[in-house]
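All residue numbers for the sequence shown refer to this note's numbering, where the first residue is 80 and numbers rise by one.
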Amino acid sequence: MDGTPGHEAIGTVEIRLGQLPGEAGLNVRPELVNSDQKSTDPAISVRSITKTFGTGVHAFVALDGVSVDIPTNEFFTLLGPSGCGKTTLLRLIAGFEQPTAGEILLQGKDISHQPPYLRPVNTVFQNYALFPHMTVAQNIAFGLEMLGKPKADIAQTTAEMLALVKMEPMAGRKITEISGGQQQRVALARALAPKPQVLLLDEPLSALDLQLRKEMQLELKKLQQETGITFVFVTHDQEEALTMSDRVAVMDKGKILQVGSPQEIYQSPSNRFVASFIGEINLLTARPEKGGFAIDQCGTLKVVSPISAKSKSTVTLAIRPERIILGKPGKGKLSGKVENIVFHGTDTIYHIKLPDGASIRARLQNSSPDSMPFGTGDAIGWTADSRSISILGDE
């Protein structure tokens, strides 16, 4: 039986893995970029950082040999579940914690043991840490005053920051007199006023309601592009990370598991944790075959790939639900039965039971009144879009 692309075999569907799309560049306004930054070096280089809390039997390793470069002028996100080490890493960059081992470089300079006030880094916290007895303008000016800047410079920079975050009409109001979203803007303006080389953001949107959070996601990304300052953003929210970031580092149990663009992280996860943590996904056990990998679940799905799987008896294939293609049973399709249907408005999720008892999910867009062609209990045929098939590595 011919297993090469372009030939069809009964009971076998062949798919060749596609290439990822290229990354889009940023359009940064040069007049707003911090002139102290040099694009030739990473803004932050984390090298073999380990952080242990406690000693002896009570020791807890929060970060375990973490290394990552954070490029200058990018929106970089540390993404992971609670307790994965992302906030600890942020605090190390800020200088609020000291590493047990390893080093942190800022534009090539070792700042591992430098106190926070000597680092050209500012932090926006989850609770904003604004002064309630001060006005909006006074909060923004506070950091500049502590740095001993001339009054004229403070007034000019404060006005610029108010304009940047669209808070000029609120300049004279007390913090207690403005909304949560407006407080967020003031916290950002205060942190940006000294023109830091790096701005650290520790889950700053988590206290906002859903609609306001989505609006602030767009505003944060726009602010980063307009200022050109490197943003390092911490979140457990996958949608936030994919929406705003130029690059994402996925963390778990004190380690960075994968770094890449949102498209790379979503379309080509490196292991089961990343695949499962970022959105919905189908994980199918496969075995290596000449020219690809076979899934013995409902016929054989052969994935033609240049990736070698020597010495492995099985591998895991990951397929996003929106890449599953449904149709009537027939030649060149794998078999299944519709077990459940969940309508989401813009799309519908089909839960499909495979002959061996396993299940997959397929997502179909509701583009017309006839967008739900299958009913519960229907026998269907299915295949998959090669662009989202990933061969996962070891954990």
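Glycine residues also receive a C-beta, built at the ideal position from the N, C-alpha and C atoms.
Grab me the residues of Asn361's own chain with a C-beta within less than 8 Å of its C-beta, minus the 5 sequence neighbours each way, in chain order. For this step, residue 361 is matched to residue 282 along the sequence shown. These residues qualify, in order along the chain: Ala397, Ile398, Arg399, Pro400, Ile403, Ile439 and Arg440.
Measuring straight from C-alpha to C-alpha, what distance separates Gln444 and Ile233? By 1-based counting over the sequence shown, the position of residue 444 is 365. By 1-based counting over the sequence shown, the position of residue 233 is 154. Taking the straight line from one Cα to the other gives about 52 Å.
If you drop the 5 nearest sequence neighbours on each side, which residues of the same chain put their C-beta closer than 8 Å to that of Val353? Here residue 353 refers to the residue found at position 274 of the sequence shown. The residues are Val329, Leu336, Gln337 and Ile344.
Report the residue from Leu157, Ser414 and Gly144 whose alpha carbon sits nearest the alpha carbon of Val327. On the sequence shown, position 248 is the one that residue 327 refers to. Comparing Cα-Cα distances from Val327 to each of Leu157, Ser414 and Gly144, the minimum goes to Leu157.
Taking 8 Å as the cut-off, does the stretch 277 to 293 touch the stretch 163 to 174 (at least 3 CB pairs, one atom from each stretch)? Three or more pairs of CB atoms, one per stretch, sit closer than 8 Å, so the stretch 163 to 174 contacts the stretch 277 to 293.
Going residue by residue through the stretch 216 to 291, where are the continuous alpha helix (DSSP H) segments of at least 4 residues, counting only ones entirely within it? Within the stretch 216 to 291, the complete alpha helix (DSSP H) runs of at least 4 residues are 230 to 243 and 259 to 271.
Residue range of the beta strand (DSSP E) that Arg326 falls in? Position 247 of the sequence shown, counted from the start, is the residue given in the question as residue 326. Taken as a continuous stretch (DSSP letters only), the beta strand (DSSP E) holding Arg326 covers Arg326 to Asp331.
If you draw a straight line from the alpha carbon of Thr309 to that of Gly460, how long is it in whole angstroms? Taking the sequence shown and counting its residues from 1, one reaches residue 309 at position 230. Taking the sequence shown and counting its residues from 1, one reaches residue 460 at position 381. Rounded to whole angstroms, the separation of the alpha carbons of Gly460 and Thr309 is 48 Å.
Taking all protein chains shown into account, do 16 or more other C-beta atoms lie within 10 angstroms of the C-beta of Asp325, making it buried, or fewer, making it exposed? On the sequence shown, residue 325 is found 246 positions in, with the first residue counted as 1. Around the Cβ of Asp325, a 10 Å sphere holds 16 or more other Cβ atoms; the residue is buried.
For Arg442, three-class secondary structure by DSSP: Sequence index remark: in the sequence shown, residue 442 carries index 363 (1-based). Annotated three-state conformation of Arg442 is strand, per DSSP.
Contact defined as beta carbons within less than 8 Å: I believe Leu223 pairs with Gln262. What is the distance between those atoms, to the nearest angstrom? As a position in the sequence shown, residue 223 is number 144, starting the count at 1. As a position in the sequence shown, residue 262 is number 183, starting the count at 1. Contact flag wrong, Cβ pair sits at about 19 Å.
Decide if the stretch 230 to 246 is in contact with the stretch 200 to 214; the criterion is three or more beta carbon pairs, one per stretch, under 8 Å apart. Output reads no: the stretch 200 to 214 does not touch the stretch 230 to 246.
Just checking my contact of Gly159 with Leu142 at CB under 8 Å: how many whole Å lie between their CB atoms? The residue you call residue 159 lines up with position 80 of the sequence shown. The residue you call residue 142 lines up with position 63 of the sequence shown. The beta-carbon separation of Gly159 and Leu142, rounded to 12 Å, does not stay under the 8 Å limit for a contact.
Nearest candidate by alpha-carbon position, reference Leu471, set Thr119, Gln342, Ile149 and Ser349: For this step, residue 471 is matched to residue 392 along the sequence shown. Among Thr119, Gln342, Ile149 and Ser349, the Cα nearest to that of Leu471 belongs to Ser349.
To which residues of the same chain is Asn218 closer than 7 Å at the C-beta, ignoring the five residues directly before and after it? Position 139 of the sequence shown, counted from the start, is the residue given in the question as residue 218. Within the same chain, Asn218 has close Cβ partners Leu209, Phe210, Ile254, Val265 and Arg269.
Report yes or no: do the stretch 124 to 131 and the stretch 175 to 187 share at least 3 C-beta pairs separated by less than 8 Å? The stretch 124 to 131, when compared against the stretch 175 to 187, does touch it at the 8 Å Cβ threshold.
Quick one: complete alpha helix (DSSP H) runs, 4+ long, within the stretch 296 to 346? List check, alpha helix (DSSP H) in window: 317 to 323 and 341 to 346.
Out of Asp464, Lys407, Arg366 and Gly260, which one is the CA nearest neighbour of Gln290? The residue given as residue 290 occupies position 211 in the sequence shown. Comparing Cα-Cα distances from Gln290 to each of Asp464, Lys407, Arg366 and Gly260, the minimum goes to Gly260.
Range of the contiguous alpha helix (DSSP H) that encloses Ile172: The residue you call residue 172 lines up with position 93 of the sequence shown. The continuous alpha helix (DSSP H) containing Ile172 extends over residues Lys165 to Ala173.
How big is the Cα-Cα spacing for His315 and Lys410? Residue mapping note: residue 315 aligns to position 236 of the sequence shown, counting from 1. Residue mapping note: residue 410 aligns to position 331 of the sequence shown, counting from 1. One C-alpha to the other measures close to 43 Å.
Enclosing beta strand (DSSP E) for Arg498 [first to last residue]: One cannot answer for residue 498 here, as it falls past the ends of the chain, which runs 80 to 474.
Just to confirm, is the Cβ distance from Thr306 to Leu243 under 9 Å? Residue 306 sits at position 227 when you count from the first residue of the sequence shown. Residue 243 sits at position 164 when you count from the first residue of the sequence shown. Result yes, Cβ atoms of Thr306 and Leu243 sit closer than 9 Å.
Alpha carbon to alpha carbon, how far is Thr214 from Met249? For the purposes of this step, residue 214 is taken as the residue at position 135 of the sequence shown. For the purposes of this step, residue 249 is taken as the residue at position 170 of the sequence shown. Our two residues, Thr214 and Met249, have alpha carbons roughly 9 Å apart in a direct line.
Rounded separation between Gly251 and Ile257 - CA only: Residue mapping note: residue 251 aligns to position 172 of the sequence shown, counting from 1. Residue mapping note: residue 257 aligns to position 178 of the sequence shown, counting from 1. Going from the Cα of Gly251 to the Cα of Ile257 covers about 11 Å.
Keeping to the same chain, check which residues put their C-beta closer than 7 Å to that of Lys332; ignore five residues upstream and five downstream. Here residue 332 refers to the residue found at position 253 of the sequence shown. Short of 7 Å from the beta carbon of Lys332, and not among the five residues preceding or following it, lie these beta carbons of its own chain, in chain order: Cys163.
Between Ser355, Asn206, Asp464 and Thr462, which has its C-alpha nearest Thr395's C-alpha? Locating residue 395 in the sequence shown gives position 316, where the first residue counts as 1. Put simply, of Ser355, Asn206, Asp464 and Thr462 the residue whose alpha carbon is nearest the alpha carbon of Thr395 is Ser355.
Just reading off the alpha helix (DSSP H) that Phe352 is part of, what are its end residues? By 1-based counting over the sequence shown, the position of residue 352 is 273. For Phe352, the uninterrupted alpha helix (DSSP H) segment begins and ends at Arg351 to Phe356.
At which residues does the beta strand (DSSP E) containing Asp457 begin and terminate? Reading the sequence shown from its first residue, position 378 is the one you call residue 457. Annotation: Asp457 is outside any beta strand (DSSP E) and is labelled neither H nor E by DSSP.
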